[in-house]
Amino acid sequence: MKTNKTATSDWQSDMVKRSLHSVWHPCTQMQQHETVPLVAVSHGRGAWLYDADGKRYLDAISSWWVNLFGHANPRINAALKDQLDRLEHAMLAGFTHEPVVQLSEQLAARTGNVLGHCFYASDGASAVEIALKMSFHAWRNAGYGDKQEFVCLKGSYHGETLGALAVTDVALFRDAYGPLLRQAHVVAAPDARGARDGESAADVAHRAAASLEKLLQQRASHIAAVIIEPLVQCATGMAMHDPLYLSEVRALCDRYKVHLIFDEIAVGCGRTGTFFASEQATEKGTEEGATAQPIWPDFLCLSKGISGGYLPLSLVMTRDSIYQAFYDHDVRRGFLHSHSYTGNPLACRAALATLAIFDEDDVLNANRVRAQRMTAALAPLAQHPKVRHFRQRGMIWAFDAAIDNSAAAAKFSQRFFSSALEHELLLRPIGKTVYLMPPFILDDEEIDLLAARTAAVFESVIAHD
Ligand SMILES: Cc1ncc(COP(=O)(O)O)c(C=O)c1O
40 MKTNKTATSD WQSDMVKRSL HSVWHPCTQM QQHETVPLVA VSHGRGAWLY
90 DADGKRYLDA ISSWWVNLFG HANPRINAAL KDQLDRLEHA MLAGFTHEPV
140 VQLSEQLAAR TGNVLGHCFY ASDGASAVEI ALKMSFHAWR NAGYGDKQEF
190 VCLKGSYHGE TLGALAVTDV ALFRDAYGPL LRQAHVVAAP DARGARDGES
240 AADVAHRAAA SLEKLLQQRA SHIAAVIIEP LVQCATGMAM HDPLYLSEVR
290 ALCDRYKVHL IFDEIAVGCG RTGTFFASEQ ATEKGTEEGA TAQPIWPDFL
340 CLSKGISGGY LPLSLVMTRD SIYQAFYDHD VRRGFLHSHS YTGNPLACRA
390 ALATLAIFDE DDVLNANRVR AQRMTAALAP LAQHPKVRHF RQRGMIWAFD
440 AAIDNSAAAA KFSQRFFSSA LEHELLLRPI GKTVYLMPPF ILDDEEIDLL
490 AARTAAVFES VIAHD
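Convert by adding 39 to the 1-based position in the sequence shown; the result is the number in the numbering used here.
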């Protein structure tokens, strides 16, 4: 027994040492690992990640918002094993295969076939690149070559490749690369926390839409598209807004002939309570008594959860009218964009297994019950005198820590992360914003454990300041 323990601990420290020697970890100032431990994961099961010593961590942020149905999910595993023996990969230019066809059909059906065509890539940022390029090119093909500019929101995050970074407004990620980036228009965000005295979230939304309209009045003939993270701007700190904003922007984009891109990379796949966040916004001006119709963007980017958190898969869904703008005898009017692993069959099969779980387990309704329990379990923490703007949408919870001291604020996230690990939780606040984005499989016991320990971690970290 002792020997085993020593062996696994040796494995643990050996893995960390070798990783720090040879792996350049993402989004990390590597020097910080001189003081902050790196965790070597040996396996995952359900909502938990384990190290080789058997120490466990509840993956309360779904491993960067990707995992929906737990680690080593038996149904997704079975689908992948079956697919492995059929076809691991084939190029998608000139060839096609069943998983990509089925996935495209099933996703289109979930939009009532409004977004009838799917273009595939791998990571989220590549889907954003595709949507931006497609929008520009569609306008050019239609004779509007001057439409070359993009609009994004204050605090927006759309990924870190150069095109995506150009429509990202997070200084920490973008400032070092400023000279390489094409300037985008940055307009007011509808963040409900910005409500002035007496204002509702809908008022903030309306105010933000009005400021977008001002820009469109002046520049619409040069603007190709507005890109938005619908309902929750995650990376800036889980900034949530009223769905009215999306309805108003849809109407503005129609009026001023500008494309609307919804980046649902983080918020799609049930995360906000509906399969697509877009479904929570309804068409403006619906007649009284008539059934309100959801609005749809011109381009919808999906990634992260679509493969259940198993494999890199991203895609852009778009309308038939956009598709038709490229359909021509002239090859140069086609969308000549590709990635080697476009539409990878394994990734598509993981996505099909993921969609099947949504239907078979009635996941969206089950999450409503789960979310109610989680919100109730977090109620004492929401009342904490140092908690500000407690908020929730679907399966996302967030609040801001009230810390005035700037030195303490700078260290808050790191301290919280380290303390959370000691409490068997994987939680990584964004600045002073603590958030939970767990997989959709937590049982009652795990919900209560997560809420109680998040409160304990917060108490221990805030007590320092
Ligand atoms: C809204 C949004 N868009 C794009 C991306 C980029 O996705 P990826 O990291 O897979 O490139 C992210 C990643 O967090 C995101 O949250």
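Ideal placement from N, C-alpha and C gives every residue a C-beta, glycine not left out.
For residue i, which residues from the same chain have a beta carbon less than 7 angstroms from its beta carbon, with the 5 sequence-adjacent residues on both sides left out?
i      : result
LEU59  : HIS72, LEU77
ALA416 : ILE486, ASP487, ALA490
ALA495 : HIS462
PRO336 : LEU299, ILE300, PHE301, SER317
LEU291 : ALA248, LEU251, GLU252, LEU255
PHE455 : LEU466, PRO468, VAL473, VAL496, VAL500
GLN363 : none
GLY348 : SER101, SER102, VAL105, ASN106, LEU107
How far does the beta strand (DSSP E) with residue i in it extend, from its first residue to its last?
i      : result
GLN431 : 426-432
ARG125 : It is not in any beta strand (DSSP E) - ARG125 carries neither H nor E in the DSSP assignment.
ILE300 : 298-302
THR472 : 472-475
ASP90  : 87-90
ALA264 : 262-267
ASP98  : 95-98
Excluding the five sequence neighbours on either side, which residues of its own chain have a C-beta within less than 8 angstroms of the C-beta of residue i, listed in chain order?
i      : result
GLU199 : ALA164, THR207, PHE212
THR42  : Because the pLDDT at THR42 is just 44, under 50, the model does not fix this residue reliably, and the point stays unresolved.
SER48  : ALA91, ASP92
PHE314 : ARG149, GLY307, CYS308, PHE397, LEU403
Which residue comes first and which comes last in the alpha helix (DSSP H) that contains residue i?
i      : result
LEU339 : Note, LEU339: premise wrong, no alpha helix (DSSP H); beta strand (DSSP E) at 338-341.
ASP487 : 483-501
MET356 : First-last for MET356: 353-357, but that is the beta strand (DSSP E), not the alpha helix (DSSP H).
SER317 : Premise fails: SER317 is in no alpha helix (DSSP H) and is neither H nor E.
TRP103 : 101-104
HIS82  : First-last for HIS82: 80-84, but that is the beta strand (DSSP E), not the alpha helix (DSSP H).
ARG388 : 384-399
GLY295 : It should be pointed out that residue 295 corresponds to Tyr in this sequence rather than to Gly. Start and end: 283-295.
ASP242 : 240-258
ARG409 : 402-416
Kindly indicate which residue of the options has the alpha-carbon position closest to the one of residue i.
i      : options                        : result
ASN106 : VAL209, TRP87, LYS186          : TRP87
HIS298 : VAL226, GLY309, MET173         : MET173
SER377 : TYR159, ARG149, LEU123         : TYR159
ASP121 : THR275, PRO384, ARG57          : PRO384
GLY307 : GLY433, THR414, ASP367         : GLY433
ARG246 : GLN257, GLY233, ASP400         : GLY233
TRP436 : LYS450, THR414, PHE456         : THR414
VAL226 : GLU127, ARG289, CYS191         : CYS191
ASP162 : ALA79, SER353, TRP103, ALA364  : SER353
GLU303 : GLU287, ILE267, HIS280, THR150 : ILE267
ALA278 : ASN444, GLN431, HIS197, TYR183 : GLN431
LEU119 : ILE334, HIS176, ARG388, HIS128 : ARG388
TYR183 : VAL355, LYS296, TYR366         : LYS296
ALA83  : HIS64, PRO113, PHE189, SER458  : First, the residue type needs correcting, since residue 83 is Gly and not Ala in the sequence shown. Per the Cα distances, PRO113.
SER195 : ASP230, TYR216, ALA181, LEU460 : ASP230
GLY373 : ALA241, ARG57, ASN180, HIS156  : ASN180
PHE89  : GLN51, LEU420, CYS157          : One detail in the question is off: residue 89 reads as Tyr in this sequence, not Phe. The shortest Cα separation from TYR89 among GLN51, LEU420, CYS157 belongs to GLN51.
VAL75  : ASP483, SER458, PHE429         : SER458
GLY155 : ASP367, GLY470, ARG358         : ARG358
LEU481 : SER445, ARG412, ARG427         : ARG412
SER379 : HIS176, MET130, ALA241         : MET130
THR311 : ARG371, LEU123, PHE479         : PHE479
MET356 : ASP53, ALA46, GLY151           : GLY151
SER239 : ARG258, GLN257, LEU283, GLY217 : LEU283
VAL153 : ILE361, PRO218, ASP281         : ILE361
By Cβ distance below 6 angstroms, which residues in the same chain neighbour residue i in space, the five residues on each side in sequence not counted?
i      : result
ALA205 : LEU220, ARG221, ALA223
MET40  : For MET40, the predicted structure reports a pLDDT of 37, less than 50, and the residue's modelled location is therefore unreliable. A value from the coordinates is still provided. Taken in chain order, the list of residues that qualify is empty.
ALA502 : none
GLY202 : GLU168, LEU171
ARG492 : HIS462, LEU464
CYS273 : ALA305
TRP178 : LYS186, ALA263
TYR474 : MET277, ALA437
Every unbroken beta strand (DSSP E) within the stretch 150-229, with a cutoff of 3 residues, ordered by chain: 156-160, 188-192, 224-226
Does the stretch 88-104 come within contact of the stretch 457-466, defined as at least 3 CB pairs closer than 8 angstroms? yes
Curious, which full-length beta strand (DSSP E) runs of at least 3 residues does the stretch 435-465 contain? The qualifying runs are 435-440.
Any contact of the stretch 337-349 with the stretch 128-136, i.e. 3+ C-beta pairs under 8 angstroms? no
Using 8 angstroms as the cut-off, can you tell me whether the stretch 141-159 makes contact with the stretch 407-421, which would need three or more C-beta pairs spanning the two stretches below that distance? no
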